[in-house]
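Be aware that the sequence shown starts at 164, since it is given in my numbering, and climbs by one per residue.
Worksheet: one structure, shown below.
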Amino acid sequence: MSHTRSLLSAIIAMSWTGIQAGEFTTWGNDKGIDIFLDYSAEVISNVSGGERTGTGYNGLSSFGLDADLGQALGWEGTTLRVSGLDLHGSGIRSRVGDIMGVSNIEGYGSARLYDSWLEKSFEAKSLSLRTGLLLADDEFATLDTAGLFFNETFGWPEFISMNTFNGGPSFYVPALGGRLHWEPSEAIYVLLGLFDGDSFDSPDGDDTVNRHGLHWELGNGQGTIVMGEIGYRRNTGGEDVLPGVFKLGAWHHAGSFDDFGGGSAHDGTQGIYASAEQMVYREYGDQGLALFARAGFAPEDRSEVEYSFQFGASYIGLIPGRDIDTIGLGLSHATISSDLPGRTSETVIEAAYEYIMSDEFTIQSSVQWVRDPGATGELDDALVFGLRTNLSF
Numbered sequence: 164m165s166h167t168r169s170l171l172s173a174i175i176a177m178s179w180t181g182i183q184a185g186e187f188t189t190w191g192n193d194k195g196i197d198i199f200l201d202y203s204a205e206v207i208s209n210v211s212g213g214e215r216t217g218t219g220y221n222g223l224s225s226f227g228l229d230a231d232l233g234q235a236l237g238w239e240g241t242t243l244r245v246s247g248l249d250l251h252g253s254g255i256r257s258r259v260g261d262i263m264g265v266s267n268i269e270g271y272g273s274a275r276l277y278d279s280w281l282e283k284s285f286e287a288k289s290l291s292l293r294t295g296l297l298l299a300d301d302e303f304a305t306l307d308t309a310g311l312f313f314n315e316t317f318g319w320p321e322f323i324s325m326n327t328f329n330g331g332p333s334f335y336v337p338a339l340g341g342r343l344h345w346e347p348s349e350a351i352y353v354l355l356g357l358f359d360g361d362s363f364d365s366p367d368g369d370d371t372v373n374r375h376g377l378h379w380e381l382g383n384g385q386g387t388i389v390m391g392e393i394g395y396r397r398n399t400g401g402e403d404v405l406p407g408v409f410k411l412g413a414w415h416h417a418g419s420f421d422d423f424g425g426g427s428a429h430d431g432t433q434g435i436y437a438s439a440e441q442m443v444y445r446e447y448g449d450q451g452l453a454l455f456a457r458a459g460f461a462p463e464d465r466s467e468v469e470y471s472f473q474f475g476a477s478y479i480g481l482i483p484g485r486d487i488d489t490i491g492l493g494l495s496h497a498t499i500s501s502d503l504p505g506r507t508s509e510t511v512i513e514a515a516y517e518y519i520m521s522d523e524f525t526i527q528s529s530v531q532w533v534r535d536p537g538a539t540g541e542l543d544d545a546l547v548f549g550l551r552t553n554l555s556f
């Protein structure tokens with residue numbers, strides 16, 4: 164009942180706020196200001212296996228503004244984003260006992276300052292510099308084709324999140340840092356980023372230290388993380404071609420990491436990754452079949468996840484009369500370091516569907532099978548069902 168009250172209260176509040184925001188946006192658009200307000204709510208249930216069965220609810224509110232400061236203040240090529248995030252509910256990760264995360268909107272319940280930054284673009288050199296509170300998972304190692312899935316593994320991969328402090332600079336805690344984006348040609352881009360090595364600012368993983376996103380540090384004993392990525396886009400123009408994107412990336416964390424064999428601690432850790440997304444069949448416009456694959460590796464002597472990979476497919480417009488809906492099937496596998504006795508691997512297979520009612524309202528459904536949750540060999544395979552609604556005002 165409390166979950167129902169929370170959901171109804173949020174919808175009523177956001178409906179009222181949406182009216183106010185709409186009035187303000189009419190003025191703001193003339194000033195280069197775009198207001199956004201979104202709410203996602205899900206019911207997710209572990210029906211068998213894992214630690215224990217049960218159902219949970221997750222709610223996510225995101226809000227903020229994007230401002231073109233060239234239009235607003237005459238600062239050409241400068242963009243400002245200020246945003247907030249509110250997470251609430253009681254998820255089921257503890258019920259499943261997995262390492263990948265069956266919900267990508269579950270996190271510590273609090274309201275916080277979120278993705279907030281200033282970006283300067285240099286048009287002549289196709290270059291942009293962004294500084295502030297950043298989310299590396301927004302730009303690095305992304306799989307756009309896998310955006311409909313619930314499981315965290317298809318977003319920010321565990322070959323980074325499990326091998327850095329508290330998940331790295333990603334949902335739901337951004338990190339202080341800077342990012343450089345360069346496009347030497349239409350087909351090629353280069354990304355470089357420097358981020359605080361522990362956005363929680365707590366080696367023990369205490370969510371309360373930075374519960375509202377106002378505890379800002381760079382390094383401070385936990386080091387920094389540097390990321391680099393180069394990407395190649397093919398067949399980007401026209402509707403008679405099959406577009407694709409291919410990425411190669413690397414990261415290095417400058418913190419101190421224990422040696423699993425009992426040796427001296429390591430001054431840093433690192434990893435590499437590669438991904439590919441390719442449309443293989445096109446009906447019309449965006450309708451058609453696309454495939455994706457990604458893999459990443461890290462040193463086994465200090466990395467909990469030695470390697471992991473994801474692959475799958477998504478189809479836009481497969482069902483007649485539902486030309487913009489998406490259906491997808493994905494698999495992810497994570498192998499635990501062989502230097503950690505008693506640990507094995509975890510695999511998840513997910514089928515998902517996104518039903519688009521309008522630009523403002525979508526419904527997503529998901530079925531996940533998690534093999535060996537927690538990669539310990541101690542838990543039965545889990546079966547998880549989820550239903551999510553997304554509202555934009």
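No residue lacks a Cβ here, since even glycine has one placed at the ideal position from N, Cα and C.
Worksheet item: Anyone know if the C-beta pair for VAL404 and SER362 falls short of 8 Å?
Response: Going by C-beta atoms, VAL404 is not nearer than 8 Å to SER362.
Worksheet item: How would you call ALA350, buried or exposed, if buried means at least 16 neighbouring beta carbons within 10 angstroms?
Response: With fewer than 16 other Cβ atoms inside 10 Å of its own Cβ, ALA350 counts as exposed.
Practice prompt. Could you please give me the residues that DSSP links to ASN326 through a beta bridge?
Written response: Paired residues: none, contrary to the question.
Practice prompt. Taking all protein chains shown into account, decide if LEU306 is buried (16 or more other Cβ within 10 angstroms of its Cβ) or exposed.
Written response: Under a 10 Å Cβ-count criterion, LEU306 is classified as buried, with 16 or more other Cβ atoms of the shown protein chains found around its own Cβ.
Item to complete: Identify which residue in GLY240, LYS194 and GLY272 has its Cα closest to the Cα of TYR220.
Response: Comparing Cα positions, the closest option is GLY272.
Worksheet item: Which term fits GLU214, buried or exposed, when burial requires 16 or more other beta carbons within 10 angstroms of its beta carbon?
Response: Buried.
Worksheet entry | Three-state class that DSSP yields for VAL265 in the structure shown | Coil.
Item to complete: Look up ARG551 in the DSSP assignment and give the residues it is bridged to.
Response: Partner(s): GLU205 and GLN527.
Item to complete: Check the DSSP bridge columns for ASN314 and list the partner residues they point to.
Response: Paired residue(s): none; ASN314 is not in a bridge.
Discussion item. Can you tell me whether LEU503 is helix, strand or coil according to DSSP?
Written reply: Residue state, collapsed to three classes: coil.
Practice prompt. State yes or no: is the C-beta of ARG374 within less than 8 Å of the C-beta of HIS429?
Written response: With contacts defined by Cβ atoms closer than 8 Å, ARG374 and HIS429 do not form a contacting pair.
Item to complete: Tell whether a beta-carbon distance below 8 Å holds between GLY331 and ALA299.
Response: Yes. Within cutoff.
Practice prompt. Compute the Euclidean distance between the alpha carbons of LYS283 and ASP231, then round it to the nearest angstrom.
Written response: Spanning the two alpha carbons is a distance of roughly 10 Å.
Worksheet entry | Option nearest VAL259 by Cα separation, candidates ASP422, LEU550, GLY233 and ASP544 | Checking every option, the nearest Cα to that of VAL259 belongs to ASP544.
Worksheet item: In terms of alpha-carbon separation, which member of SER291, ASN326, VAL547 and SER224 lies closest to ALA417?
Response: The shortest C-alpha to C-alpha distance from ALA417 to any of SER291, ASN326, VAL547 and SER224 is the one to ASN326.
Item to complete: Assign LEU306 to one of three DSSP states: helix, strand, or coil.
Response: It is coil, neither helix nor strand.
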